[in-house]
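Number of protein chains: 2
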Amino acid sequence: MILTGNSLVNQRLNMTKYLSKTNGQPHPRSLGKRNANRPNARKRIFDAASELFYLKGIRAVGVETIAAEADTTKMSLYRNFPSKDELVAEWLREHDANFWQTWDAMSSRHPKDPRRQIKAAFALLAKHVADPKARGCPMANAAVELTEKHHPARKVIEAHKAKLRARLVQICTQMGAREPRLLADELFLLMEGAQVTTQTLGVRGPARNVARAAKMLIDAHLLL
Amino acid sequence: MILTGNSLVNQRLNMTKYLSKTNGQPHPRSLGKRNANRPNARKRIFDAASELFYLKGIRAVGVETIAAEADTTKMSLYRNFPSKDELVAEWLREHDANFWQTWDAMSSRHPKDPRRQIKAAFALLAKHVADPKARGCPMANAAVELTEKHHPARKVIEAHKAKLRARLVQICTQMGAREPRLLADELFLLMEGAQVTTQTLGVRGPARNVARAAKMLIDAHLLL
DNA sequence: CAAGAGAGTTACCGGTCAGTATCATACCAT
DNA sequence: ATGGTATGATACTGACCGGTAACTCTCTTG
């Protein structure tokens, strides 16, 4: 079956990332597994897992593959994370934190100008969906993959999306839209649609028009 | 791990579906595994696979689970389908056929009235995303799950979405939109967004406003 | 120098995965 | 009756799954 190709042999990508070996010969203080520049096992595992989960999918990636990509072993993974499920949840929690950090930084660049804030958000989204390596929204993808109702990641996902929706309502209200909740939901649908569409029709698909679509909807709502 | 819960014991849902046992006692020509009313193994397997793939996800469902749900064995599955991957592709091919059959039937009910055709399409979509058991679009979900570039299902998915996009352009052109391709893409984003959003924010999420969103965009484009 | 923490190594557990081989059983058309 | 066809039943393969045990090594801190 094509689906499961997790052999340790053919899935290692570029785990020499943290090894910094200087062309074969050992350089006193920079080569080997014990190296000051080298992040600890936990960080390497977390980084490897984040990349693999996003690019190949959660269920497609086994813990052994993650460990290999992080240039360590399964044991170190289980010394730092209670389970794969929790590692997944942790990954999404960090994504959530990064997302809001970026969002807030962006918003604070246009204080009291909700129109520009929304424009900036869609510009950022447009940039993301223009990246051919991107594979949509990690949260939404995880929701598709993890169908078990009580998976620890589901709480994270639902909270994240609910917060996003609320923020959009807030901004739409500040913009003075007559139906802020409606406009917010419409913008939400555009965002989600753009992310998921890159995975079927790619960067030349409808996703590239997401910013113009948002502008049309906002204008329509404000001129109402 | 929560992810893989495919034990034969706790995953069988309601495979008595085709058995039609009349309250315990055998009724001459309607009970047992050999029964005229009972579909053949291929159909049972295909139906079971369709339901399980959609509700639980493709990777979450093993062939043994499918066979059990169809009240047969793995051997019958492999006698009728070359592999699980091909079964998945076949499932999506049938979904594509059904989709366009519904679509065309709907369109032909409003000949030469593209506005009503689009309205009907979004009404149907709205109805679908209002079903709490629905789990978005099988095609888009499969695209999220199947990241391997050469999986046989990917061709089906991409063709399906490309055709949908083209149809939308066609209708938007007939509607007389000034920028039919742009409007089509915007409507496409709304459709995809609505489907995926049900999996994170449910039926009370932004998806329920998808029809109104479409109307706003269309109006905005026509009054341009 | 000693102690302890962090990490690497190897082997293993029970279970599930997709896919196959083999034999038996029931039906239908001739 | 007979032979073909579809199906059922069971056992199996080799690989991978998530997760654990036990031991060693090395570096850092006191």
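The listed protein sequences derive, respectively, from chains A and G. Position one of the first sequence corresponds to residue 1 (this note's numbering), numbered consecutively onward. Position one of the second sequence corresponds to residue 225 (this note's numbering), numbered consecutively onward. Glycine residues also receive a C-beta, built at the ideal position from the N, C-alpha and C atoms.
- Non-local beta-carbon contacts of P338 (chain G) in its own chain, meaning distances under 6 Å to residues more than five positions away in sequence, involve I395, Q398 and M399 in chain order.
- Within chain G, T424 have C-beta atoms less than 7 Å from the C-beta of I157 (chain A), given in sequence order.
- Using a CB distance cut-off of 9 Å, R283 (chain G) counts as an interface residue toward chain A.
- Between L77 (chain A) and P138 (chain A), the gap from beta carbon to beta carbon reaches 9 Å or more.
- The three-state secondary structure of I269 (chain G), taken from DSSP, is helix.
- Close partners of K56 (chain A) in chain G (Cβ separation under 9 Å): T371 and E372.
- For the 9 Å CB-CB criterion, I282 (chain G) and A364 (chain G) do not form a contact.
- Cα atoms of I290 (chain G) and L201 (chain A): separation of roughly 30 Å, rounded to the nearest angstrom.
- Inter-segment contact for the region 406 to 416 of chain G and the region 143 to 160 of chain A is absent: fewer than three beta-carbon pairs are separated by less than 8 Å.
- Under the three-state reduction of DSSP, D131 (chain A) is assigned to coil, being neither helix nor strand.
- Identification of chain A residues near P430 (chain G) by a Cβ-Cβ cut-off of 7 Å yields R165, D185, F188 and L189, ordered along the chain.
- Under the Cβ criterion of 9 Å, Q170 (chain A) is not counted among the residues facing chain G.
- The closest CA to that of P263 (chain G), considering only G:D295, G:L279 and G:A358, is found on G:D295.
- Within the region 373 to 441 of chain G, the complete alpha helix (DSSP H) segments at least 4 residues long are 376 to 399 and 404 to 425, listed from N- to C-terminus.
- With a threshold of 9 Å between beta carbons, L316 (chain G) makes no contact with chain A.
- Closest in alpha carbon position to P356 (chain G), among G:G429, G:R303 and G:V434, is G:G429.
- The DSSP-derived three-state label of H95 (chain A) is helix.
- Taking K149 (chain A) as reference, the option from G:K387, G:K280, G:S274 and G:A329 with the minimal CA-CA separation is G:K280.
- Taking A126 (chain A) as reference, the option from A:V196, A:D219 and A:L222 with the minimal CA-CA separation is A:V196.
- When the beta-carbon positions are compared, V393 (chain G) and A377 (chain G) stay at least 9 Å from each other.
- Taking C-beta atoms under 8 Å as the contact rule, A444 (chain G) and A220 (chain A) qualify, at a distance of about 4 Å.
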